[in-house]
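Comments concern the structure below.
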Amino acid sequence: MADRCRYADAMLAPSKSYARMMEKRMGLESGSISVHPNGINLEGYSAPREVDPPAIGFLARMCEVKGLGLLVDAFIHLRTDLGDTATRLKIAGAVTLGDVSFIDNLKAKLESAGLTDSVDWHPNISREEKLEFLNELSLFSVPVLYEEAFGLYAIEAMAASVPIVQPDFAAFPELVEATGGGVCVSIETADGLARAYDELLRSPELMKEMGERGRLGVEKRFSMEAMKNSFINAMESLLQSKSV
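Offset between the sequence shown (1-based) and our numbering: plus 374.
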């Protein structure tokens, strides 16, 4: 791949972190890959609702590398050790046959903690169901364990006015900096992640402010229109450079 890239007229990445990582991996000069963020279709996103009881949401493939196991451990710690008696956990996303055993183990762990009835599972949902799901959340978290190139789920949550709690690496600090729609925290331990959730859940006004900033930030920077314009500008610049 590195050899092929040297013959490319343009290389695009959805985030600065991913661009720099790929440049280093392929031995390219810094700045060889330009950054053009992804965007989403904002149609169908509605005004935020009051969520009672509060709910933490996860929307990604239900697998270990997306951090679902870590999230479940953090939720158990939140409910059993930090004095939270009400917050629910809502989990949605793709499920493959290879994920079933992992999910069953998580359900068994939740049952042992007495929290089975505090968790909702929504596998393989449609876009309409996804929009409804996002409206039922107080905060959103996918504590992914690898260097995510972007994380569409993060901007989907912010588009629904839901503040995000994401890892302090990969593309997430960029997304939070660009929108103000959440916080980035260390995910080294489940109890540390639980404390981050607890701190936000105890600050409903702050969550509301973050949610509003996130929604406005996504509308401005991460819409399909913004993505289209960024790509057009990149192609126009490329054509101009070739015509000189």
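Beta carbons are placed, not taken as given, at the ideal position from N, Cα and C, and that holds for glycine.
Could you compute how far the alpha carbon of residue i sits from the alpha carbon of residue j?
i       : j       : result
Glu-610 : Arg-501 : 33 Å
Pro-517 : Asn-607 : 33 Å
Gln-614 : Ala-382 : 16 Å
Ser-486 : Arg-576 : 26 Å
Leu-489 : Glu-403 : 51 Å
Asp-455 : Ser-492 : 15 Å
Glu-548 : Asp-426 : 30 Å
Nearest to residue i by CA position, among the options, is which residue?
i       : options                            : result
Phe-596 : Leu-567, Ala-608, Phe-524          : Phe-524
Asp-572 : Glu-403, Arg-399, Ile-450          : Ile-450
Ile-430 : Lys-464, Thr-470, Asp-542, Leu-567 : Lys-464
Val-592 : His-496, Tyr-392, Pro-411          : Pro-411
Arg-399 : Glu-522, Ala-376, Trp-495, Ala-460 : Ala-376
Lys-390 : Ile-407, Gly-401, Arg-378          : Ile-407
Arg-380 : Thr-461, Glu-438, Glu-397, Ser-475 : Glu-397
Which residues does DSSP list as the beta-bridge partners of residue i?
i       : result
Gln-614 : None, per the DSSP bridge assignment.
Leu-463 : Ile-430, Val-493
Leu-513 : Ile-430
Pro-623 : Nothing can be reported for residue 623, as the shown portion of the chain is limited to 375 through 618.
For residue i, does the three-state DSSP call read helix, strand or coil?
i       : result
Ile-477 : helix
Val-559 : strand
Ala-387 : strand
Val-409 : strand
Discussion item. Could you check whether the region 592 to 611 touches the region 559 to 573, counting it as contact only if at least three pairs of C-beta atoms, one from each stretch, sit closer than 8 Å?
Written reply: no
Discussion item. Does the contact criterion of 3 or more C-beta pairs under 8 Å hold for the region 474 to 492 versus the region 506 to 520?
Written reply: no
Item to complete: Evaluate contact between the region 414 to 422 and the region 537 to 555, counting only Cβ atoms and requiring at least three cross-stretch pairs below 8 Å.
Response: no
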